[in-house]
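Numbering (the UniProt record's numbering), first residue to last: 1 to 82.
The structure is reproduced here in structure tokens:
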């Protein structure tokens, strides 16, 4: 349980459940510590993990179609402004 700013216990029902412990094997936070480029352990050092992309990159064909649609809309807007 956590404490609030005055030191009283908070009722956190979400925090009451024990989180499962993930078994891992690392050497003081590093996987293959002796390698030329040691890999950080994602459990011990999550701040050193490779960031995951927020969303997958779109298909190039879909991106080209979207760019073409935007360019056509801009050309139509520019032509109607005259």
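Just so you know, even glycine gets a beta-carbon here, dropped at the ideal spot from N, CA and C. For clarity, every value in this text was computed on a predicted model and none was experimentally measured.
query, result
"Residue 58, DSSP secondary structure in three states", "coil"
"Distance between residue 50 and residue 34 (C-alpha atoms, nearest Å)", "20 Å"
"Inter-residue Cα distance where the pair is residue 30 and residue 40", "5 Å"
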